Amino acid sequence: MNEIIRPDGRSGWERGRFRTLSFALLGLGLLAVGCGESGDYLSRVPDPAFASSSDEVLGLEDAFEHRRSIPLDTSVIVGTVTYLDVDAQGRLLVTDHVSNKVFLFSSGGKHLRTLDAEPCHPGFNMRPIRAYFAPPGDIFLLNGGGPWGYWFTPDGACREGMSDEFMPPRLLAPGEDGYLYGLYAADQYEIRRMDRRGRTLSAFGRHDAFRNIVLRIEGGGIVQTGDHRLYVAFPFSPYVYVFEEEGQFVETLGWAPPYYRAVDKDLPMRSSRGQLAEAIRDLGQRHSMTYNLLLLEPSVLMVQHINPYRDEDEEVGIVLLTTDGRVLNEGAILTDHPFLAARNGLAYTSVQPEVDAAGYLPNPSIEVYRRSVSP
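The opening residue of the sequence shown carries number 2 in my numbering; numbering runs sequentially from there.
Here's what the structure looks like:
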């Protein structure tokens, strides 16, 4: 059992800010190999001409404006918004690791459905890792126990399960081209292109740098844009690595802001739980990590780093860049709360209200922001 934990060693429930999950990573052999090959793409750095030249430190309010709050329907109890996805209509897909449920809400927060795979698989073991909206409108559930994944209709009815070949990846992205893309970590890590049933079609982007960080630390992301290029971020790097959908490496994008403290060594391969926790705490105290990668607009990426400074009130740094590599920041954007999802120019985060006068803990609310920094 490999436990996926935060770089500072804390669980995802503390302070309601960050997430944690745990599931068995079974032995993953190398599957069918497509085009794309191992290489030194991680050593490629972005063109410095695109980087921000400002040393100014900005708050969230300097780069984003708050648009609205969305209270989640109290007809269901939401323990925490572990993951959030948003579709083109603004509907909200909430993965809750406290209740082990996935909720579908309207754009205004009305409860529409709680996902249930029982009709597809009687006796289904519901252990959701994460749920995604997938083109052209379906919902994909990545599950933490066999069966490992299910497809649902746009309104949340179970449609079909994945093939027996499919195993849960470290990162997953339902592509605009109809394929699934996943980051898998074995002797090396690699990106796999899969059909909708999870059968591997090709593998590329192989590398073994910081393999144990990829295996142990949750972070990074994969997104695909309308031109079908893949943008990949790893937890150990501030940059974004661009691939063609067939697997050819294209370029490196991004910016390492002044606050970013680069990782210089991997986690130990074999150690006791206590030694591993100590190594992860040390990693978080001395280094920054990439929390996630979001597609804020069709041609604007958002990279979020955690542990940018030692200041407890500034846990997240944000870099905005275009898909052709131009950094939009006019300085380092720092905040205390990460965005969980982005869509159509809006960025979404979750806030847990305090206990009310009657002693009840309300459902989390979804806070919506729009970028105010002009390209």
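Positions of the beta carbon are idealized from the N, C-alpha and C atoms, including for glycine.
Since we're looking at a predicted model, the values are computed, not measured.
ask   = Under the three-state reduction of DSSP, which class applies to V243: helix, strand or coil?
value = V243 falls in the strand class under three-state DSSP.
query = Between which two residues does the alpha helix (DSSP H) harbouring A358 extend?
reply = That residue, A358, is in no alpha helix (DSSP H); it is neither H nor E in DSSP.
message = If the criterion is Cβ atoms closer than 9 angstroms, does the pair R131 and L173 meet it?
response = For the pair R131 and L173, the CB atoms are nearer than the 9 angstroms cut-off.
message = Using DSSP's beta-bridge definition, name the partner residues of M303.
response = Answer is L295 and L321.
message = Given this structure, state the Cα-to-Cα distance separating G56 from G332, to the nearest angstrom.
response = At residue 56 the sequence reads Asp, which differs from the Gly that was named. Those two C-alpha atoms are separated by around 6 angstroms.
request  = Give the C-beta separation of G162 and C121 to the nearest angstrom, bearing in mind that I take them to be a contact with Cβ-Cβ under 8 angstroms.
outcome  = Right, the Cβ-Cβ distance comes to about 6 angstroms (below 8 angstroms), so this counts as a contact.
task = Quick one: grab the DSSP three-state call for Y42.
result = Helix.
task = Could you say if the region 124-138 and the region 83-96 meet the contact criterion of at least three C-beta pairs nearer than 8 angstroms?
result = Result yes; three or more Cβ-Cβ pairs closer than 8 angstroms.
query = Which ranges does the beta strand (DSSP E) cover as unbroken runs of at least 3 residues, wholly within the region 190-220, from first to last along the chain?
reply = Runs found: 190-195 and 201-208.
query = Is it buried or exposed for M270, if we count other Cβ within 10 angstroms and need 16 for buried?
reply = With fewer than 16 other Cβ atoms within 10 Å, it is exposed.
ask   = Where do the ends of the beta strand (DSSP E) carrying I130 lie?
value = I130: member of the beta strand (DSSP E) spanning P129 to A135, first to last residue.
ask   = Tell me which same chain residues have a C-beta within less than 8 angstroms of the C-beta of Y42, skipping the five on either side of it?
value = Within the same chain, Y42 has close Cβ partners G206, H208, Y242, F250 and T253.
task = Tell me, to the nearest whole angstrom, how far the beta carbon of R1 is from that of E245; I am working on the premise that it is less than 8 angstroms.
result = Outside the displayed range of the chain (2 to 376) lies residue 1, so it cannot be described from this structure.
inquiry  = Judging by CA-CA distance, which residue of L296, V304 and N308 is the nearest neighbour of R287?
reply    = Nearest option by C-alpha distance: N308.
key: Start-to-end residues for the alpha helix (DSSP H) that takes in E62   = DSSP places E62 in the uninterrupted alpha helix (DSSP H) bounded by L61 to A64.
Bounding residues of the beta strand (DSSP E) (the contiguous stretch that carries Q225) = G222 to Q225 is the extent of the beta strand (DSSP E) around Q225.
ask   = Measuring CB to CB, does G110 end up less than 9 angstroms from L73?
value = Yes, these two residues count as a Cβ contact at 9 angstroms.
query = Among V369, V352 and E368, which residue has its Cα nearest to the Cα of L362?
reply = Of the candidates V369, V352 and E368, the residue whose Cα lies closest to the Cα of L362 is V352.
ask   = Should E191 be labelled buried (16 or more other beta-carbon atoms within 10 Å of its own) or exposed?
value = Buried: at least 16 other Cβ atoms inside 10 Å.
inquiry  = Using a 10 Å radius around the Cβ and a threshold of 16 neighbouring Cβ atoms, would you call R92 buried or exposed?
reply    = The residue in question, R92, is buried, as its Cβ has 16 or more Cβ neighbours within 10 Å.
query = Do you know how far the Cα of H112 is from the Cα of I214?
reply = In this structure, the straight-line span from the alpha carbon of I214 to that of H112 is close to 37 angstroms.
ask   = For R1, is the classification buried or exposed, using 16 other Cβ atoms within 10 angstroms of its Cβ as the cut-off for buried?
value = Since the displayed the chain opens at 2 and closes at 376, residue 1 lies outside it and no answer follows.
query = What do you reckon, are the CB atoms on G179 and F167 nearer than 9 angstroms?
reply = Contact: no.
message = I need the straight-line Cα distance from C159 to I140, nearest angstrom please.
response = Taking the CA atoms as reference points, C159 sits about 9 angstroms from I140.
ask   = Three-state secondary structure (DSSP) at G150?
value = DSSP places G150 in strand when its eight states are reduced to three.
inquiry  = Rounded to the nearest angstrom, what separates P339 and D325 at their Cα positions?
reply    = Straight-line Cα distance between these residues: approximately 24 angstroms.
task = Could you please give the first and the last residue of the uninterrupted alpha helix (DSSP H) stretch that includes D283?
result = Taken as a continuous stretch (DSSP letters only), the alpha helix (DSSP H) holding D283 covers R274 to R287.
query = Taking the Cβ atom as the reference point for each residue, do L59 and N330 lie within a distance shorter than 9 angstroms?
reply = With respect to N330, L59 sits close: the two C-beta atoms are nearer than 9 angstroms.
Cβ-based burial, P239 [other Cβ within 10 Å; buried from 16] = P239 should be labelled buried.
query = Can you give the beta carbon distance from P299 to G227, rounded, assuming they're within the 8 angstroms contact cut?
reply = Taking C-beta atoms under 8 angstroms as the contact rule, P299 and G227 qualify, at a distance of about 6 angstroms.
query = Taking the alpha carbon of M290 as the point to measure from, which residue in E279, V317, L302 and H306 has its own alpha carbon closest?
reply = Nearest C-alpha to M290: H306.
inquiry  = Let's test the definition: count the other Cβ atoms within 10 Å of the Cβ of I319 and tell me whether it reaches 16, buried, or not, exposed.
reply    = Under the 10 Å beta carbon count, I319 is surrounded by 16 or more other beta carbons and is classified as buried.
query = Straight-line CA distance for G275 to V317?
reply = If you draw a straight line from the Cα of G275 to the Cα of V317, it is about 26 angstroms long.
inquiry  = Distance check for V82 and G145, CA to CA, integer angstroms please.
reply    = G145 and V82 have their C-alpha atoms some 17 angstroms from each other.
inquiry  = Do A89 and L321 have their beta-carbon atoms positioned less than 9 angstroms apart in this structure?
reply    = Contact flag unset, no.
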